[in-house]
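Peer 1: Could you have a look at this structure, given as structure tokens, before my questions?
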């Protein structure tokens with residue numbers, strides 16, 4: 003049976019030679035528009051226009067060329083599926099074994115300031131991405147080709163192997179999804195820039211412009227859609243700190259309160275009630291740094307808690323709800339931003355994005371929970387049940403401290419934390435200095451392993467009662483030996499929690 007390739011490219015580099023090589027190997031060629039004309043002018047044999055193949059004319063000023071059952075049936079057809087074979091036969095559909103497509107040059111037009119909005123919209127490719135994604139999905143039977151630099155290798159495999167190998171097909175499919183992801187991201191950026199957005203007074207600094215881009219798909223806990231019950235709209239920096247506070251608050255099942263300053267927790271505690279949690283967080287944490295901070299609580303706020311909140315200056319308070327008396331107290335501070343964020347127990351998996359020069363990094367949000375059952379004891383002495391509660395509390399907090407990070411917790415309250423250090427020993431010493439005498443018997447968390455026993459020695463000198471860390475250093479045995487020597491029970495999470 004004759005193999006068939008559909009070729010429709012914006013970048014026509016090498017396309018004539020590639021088509022000629024394919025036809026020399028017995029392939030038939032389908033094509034559209036400018037690509038068809040170029041191949042026809044070059045005298046490529048066994049060439050057919052897609053409109054003739056589908057018996058359906060191009061329409062809507064070129065918007066409909068390949069979006070037909072004849073094309074997509076041929077691409078998506080599983081050759082080893084009897085039901086598919088029957089469908090193809092009954093509907094007189096024919097195989098398409100290769101899709102050679104690169105997309106409309108949207109980036110070039112996106113960056114062209116002489117183009118109007120409507121002209122840029124016209125350069126959003128619909129049929130191209132659809133075809134190559136379909137071919138990539140059915141990579142075993144329809145090879146997707148999106149890069150002219152692959153032409154020579156494909157011809158070589160067809161000549162030497164008689165077909166394109168499965169390994170090559172997987173590589174080609176991966177390139178498709180990488181290309182379309184980048185393409186769609188650029189289109190999304192274009193639409194976002196031209197859609198409604200929430201302007202901010204400025205960014206991190208007054209000379210930087212900034213906006214908030216709302217994620218319409220969020221159904222769970224949502225800071226951007228929070229109801230502002232009092233005070234001014236949030237600033238760029240408020241949003242960043244508020245998100246850190248919110249992430250910490252929703253990671254606890256127990257009543258919990260925290261205060262964040264410059265994206266780092268300075269006060270945090272669990273309690274039997276939200277009132278107790280806030281009182282302990284403020285009194286036992288770094289209350290000096292708490293001035294002008296962002297408060298988050300994971301339970302509704304009552305009047306007694308509200309009175310504690312307004313006893314010192316704060317920028318923002320976040321909670322799932324407020325009773326009427328609490329709200330009246332909070333509104334007495336006209337500049338205090340009071341945010342109601344419902345659905346705190348509905349935590350969806352999400353992604354984080356970070357721009358780098360030339361691209362965007364994307365990763366899953368770190369929602370990995372560590373429980374008592376996940377811990378492994380690395381020392382001769384195991385921690386007590388009470389210590390385990392403090393260890394797990396410290397671990398949840400240290401995840402929200404910039405690496406290298408240390409958190410010290412005692413009786414469910416944060417008493418010392420430090421992060422953003424290039425040296426883990428420095429982070430340890432700073433956190434212990436903040437904890438002071440209260441460090442005796444406390445639980446200490448490190449977001450990554452200890453490469454050497456020096457940090458443990460510092461913990462021992464301060465009287466730390468137990469340690470939680472990921473483990474995984476090549477010097478683990480030496481570190482654990484030091485823990486045994488100092489009689490410090492140590493448990494391992496088996497997973498680190500870097501935050502950069």
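Residue numbers (the working numbering): 3 to 502. Glycine included, each C-beta is placed from N, C-alpha and C at the ideal position.
Comparing C-alpha positions only, which one of 414, 400, 426 and 417 sits nearest to residue 406?
Peer 2: Locating residue 406 in the chain shown gives position 404, counting from the first residue. Among 414, 400, 426 and 417, the Cα nearest to that of residue 406 belongs to 426.
Peer 1: Return the first residue and the last residue of the alpha helix (DSSP H) that residue 52 is part of.
Peer 2: As a first step, residue 52 is located in the chain shown; it is residue number 50 there, counting from the start. Looking at the DSSP string, the run of the alpha helix (DSSP H) that includes residue 52 is 52–56.
Peer 1: Taking the CB atoms as reference points, tell me whether residue 509 and residue 225 lie closer together than 8 Å.
Peer 2: There is no way to answer for residue 509, as the model of the chain reaches only from 3 to 502.
Peer 1: For the candidate residues 126, 45 and 216, whose alpha-carbon lies nearest to that of residue 201?
Peer 2: Along the chain shown, one-based indexing puts residue 201 at 199. Residue 216 is the option with its Cα nearest to residue 201.
Peer 1: Would DSSP call residue 385 helix, strand or coil?
Peer 2: If you number the chain shown from 1, residue 385 lands on position 383. Looking at residue 385 - three-state DSSP - the assignment turns out to be coil, as it is neither helix nor strand.
Peer 1: Just confirm the distance between the C-beta atoms of residue 461 and residue 490, as a whole number of angstroms; I'd bet it's less than 8 Å.
Peer 2: Residue mapping note: residue 461 aligns to position 459 of the chain shown, counting from 1. Residue mapping note: residue 490 aligns to position 488 of the chain shown, counting from 1. Sure, about 7 Å apart at Cβ, within 8 Å.
Peer 1: Does the Cβ-Cβ distance between residue 180 and residue 170 come in under 8 Å?
Peer 2: Within the chain shown, numbered from 1, the residue matching residue 180 stands at position 178. Within the chain shown, numbered from 1, the residue matching residue 170 stands at position 168. Against a cut-off of 8 Å, the Cβ pair of residue 170 and residue 180 comes out as no contact.
Peer 1: Identify the residues that DSSP records as bridge partners of residue 364: which are they?
Peer 2: What you label residue 364 is simply residue 362 of the chain shown in a count that begins at 1. Note: residue 364 sits in a beta bridge opposite 355.
Peer 1: Pull the bridge partners of residue 295 from the DSSP assignment, please.
Peer 2: For the purposes of this step, residue 295 is taken as residue 293 along the chain shown, with counting starting at 1. Partner(s): 316.
Peer 1: Are there three or more Cβ pairs, one per stretch, closer than 8 Å when the region 432–444 is compared with the region 463–482?
Peer 2: Touching, yes, given that three or more Cβ pairs across the two stretches are closer than 8 Å.
Peer 1: Using a threshold of 8 Å, state whether the C-beta atoms of residue 30 and residue 4 are closer than that.
Peer 2: For the purposes of this step, residue 30 is identified with residue 28 of the chain shown, where counting begins at 1. For the purposes of this step, residue 4 is identified with residue 2 of the chain shown, where counting begins at 1. Result yes, Cβ atoms of residue 30 and residue 4 sit closer than 8 Å.
Peer 1: Can you name the start and end residues of the beta strand (DSSP E) that residue 147 belongs to?
Peer 2: The residue you call residue 147 lines up with position 145 of the chain shown. Here the beta strand (DSSP E) through residue 147 covers 145–147.
Peer 1: Can you tell which of 21, 369 and 314 has its C-alpha closest to the C-alpha of residue 150?
Peer 2: Within the chain shown, numbered from 1, the residue matching residue 150 stands at position 148. With distances taken between Cα atoms, residue 150 lies closest to 21.
Peer 1: What are the boundary residues of the alpha helix (DSSP H) that residue 457 is part of?
Peer 2: For this step, residue 457 is matched to residue 455 along the chain shown. 456–464 is the span of the alpha helix (DSSP H), which, as asked, contains residue 457.
Peer 1: Please name the residue in 297, 429 and 368 whose C-alpha comes closest to that of residue 339.
Peer 2: Translated into positions along the chain shown, residue 339 becomes position 337. Cα-wise, what sits closest to residue 339 is 297.
Peer 1: Out of 377, 348 and 484, state which residue places its alpha-carbon closest to the alpha-carbon of residue 369.
Peer 2: Residue mapping note: residue 369 aligns to position 367 of the chain shown, counting from 1. Residue 369 has its Cα closest to that of 348, out of 377, 348 and 484.
Peer 1: Considering residue 135, what are the terminal residues of the alpha helix (DSSP H) in which it resides?
Peer 2: For this step, residue 135 is matched to residue 133 along the chain shown. Looking at the DSSP string, the run of the alpha helix (DSSP H) that includes residue 135 is 129–139.
Peer 1: Under 7 Å Cβ to Cβ from residue 77, same chain only, skipping five residues before and after it: list those, please.
Peer 2: Mapped onto the chain shown, residue 77 falls at position 75. The residues are 98, 101, 133, 136, 137, 140 and 144.
Peer 1: Can you check which of these residues, 324, 354 and 497, is closest to residue 341 by C-alpha distance?
Peer 2: Residue mapping note: residue 341 aligns to position 339 of the chain shown, counting from 1. It is 324.
Peer 1: Find out if the Cβ-Cβ distance for the pair residue 256, residue 350 is shorter than 8 Å.
Peer 2: The residue labelled residue 256 in the question sits at position 254 within the chain shown. The residue labelled residue 350 in the question sits at position 348 within the chain shown. No, Cβ-Cβ distance for residue 256 and residue 350 is not below 8 Å.
Peer 1: Could you please give me the residues that DSSP links to residue 446 through a beta bridge?
Peer 2: On the chain shown, position 444 is the one that residue 446 refers to. DSSP lists 410 and 469 as partners of residue 446.
Peer 1: Taking C-alpha atoms, which residue in 380, 177, 383 and 414 lies nearest to residue 393?
Peer 2: Locating residue 393 in the chain shown gives position 391, where the first residue counts as 1. Residue 414 is the option with its Cα nearest to residue 393.
Peer 1: Kindly give me the distance between the Cβ atoms of residue 477 and residue 454, rounded to whole angstroms, as I take these residues to be in contact under 8 Å.
Peer 2: Reading the chain shown from its first residue, position 475 is the one you call residue 477. Reading the chain shown from its first residue, position 452 is the one you call residue 454. With 8 Å as the limit, residue 477 and residue 454 qualify as a contact, their Cβ atoms being about 6 Å apart.
Peer 1: Label residue 334 either buried or exposed according to how many other C-beta atoms from any shown protein chain fall within 10 Å of its C-beta, with 16 as the threshold for buried.
Peer 2: Start at 1 with the first residue of the chain shown, and residue 334 comes out as number 332. By the neighbour-count rule (16 or more Cβ atoms within 10 Å), residue 334 is not buried but exposed.
Peer 1: Report yes if the C-beta distance between residue 72 and residue 55 is below 8 Å; otherwise report no.
Peer 2: Along the chain shown, read from residue 1 onward, the residue named residue 72 stands at position 70. Along the chain shown, read from residue 1 onward, the residue named residue 55 stands at position 53. A contact, by the Cβ cut-off of 8 Å.
Peer 1: Relative to the C-alpha of residue 292, which residue among 267, 249, 163 and 240 is closest?
Peer 2: Your numbering for residue 292 matches position 290 in the chain shown. Taking only the C-alpha atoms, the option nearest residue 292 is 267.
Peer 1: Please name the residue or residues paired with residue 475 in a DSSP beta bridge.
Peer 2: As a working mapping, residue 475 is identified with position 473 in the chain shown. Residue 475 pairs with nothing; no bridge assigned.
Peer 1: Please work out which residues of its chain come closer than 8 Å, Cβ to Cβ, to residue 374, disregarding the five sequence neighbours upstream and downstream, and give them in chain order.
Peer 2: Within the chain shown, residue 374 is the residue found at index 372, counting from 1. Excluding positions up to five away in sequence, the list reads 390 and 394.
Peer 1: Exposed or buried, which one is residue 431 when buried takes at least 16 other CB atoms within 10 Å?
Peer 2: Walking along the chain shown from the start, residue 431 turns up at place 429. Result: buried.
Peer 1: Quick check on the DSSP output: the alpha helix (DSSP H) that includes residue 35 runs from which residue to which?
Peer 2: Here residue 35 refers to the residue found at position 33 of the chain shown. Taken as a continuous stretch (DSSP letters only), the alpha helix (DSSP H) holding residue 35 covers 35–43.
Peer 1: I need the straight-line Cα distance from residue 308 to residue 248, nearest angstrom please.
Peer 2: Translated into the one-based positions of the chain shown, residue 308 becomes position 306. Translated into the one-based positions of the chain shown, residue 248 becomes position 246. Approximately 18 Å, taken between the alpha carbons.
Peer 1: Closer than 6 Å by C-beta to residue 280: which residues in its own chain qualify, once you throw out the five before and the five after it? Chain order, please.
Peer 2: For the purposes of this step, residue 280 is taken as residue 278 along the chain shown, with counting starting at 1. Taken in chain order, the residues that qualify are 259, 307 and 310.
Peer 1: Would you kindly work out how many angstroms separate the C-alpha atoms of residue 264 and residue 412, rounded to a whole number?
Peer 2: Here residue 264 is taken as the residue at index 262 of the chain shown, counted from 1. Here residue 412 is taken as the residue at index 410 of the chain shown, counted from 1. Their Cα atoms are separated by approximately 23 Å.
Peer 1: Drop a sphere of 10 angstroms on the beta-carbon of residue 192, count the other beta-carbons inside from all chains shown, and report buried for 16 or more, exposed for fewer.
Peer 2: Locating residue 192 in the chain shown gives position 190, counting from the first residue. With 16 or more other Cβ atoms within 10 Å, it is buried.
Peer 1: I need the DSSP call for residue 212, collapsed to helix, strand or coil.
Peer 2: Working through the chain shown from its first residue, we reach residue 212 at position 210. Coil at residue 212, not helix or strand.
Peer 1: Kindly indicate which three-state DSSP category residue 262 falls into: helix, strand or coil?
Peer 2: Here residue 262 refers to the residue found at position 260 of the chain shown. If DSSP states are grouped into helix, strand and coil, residue 262 belongs with the strands.
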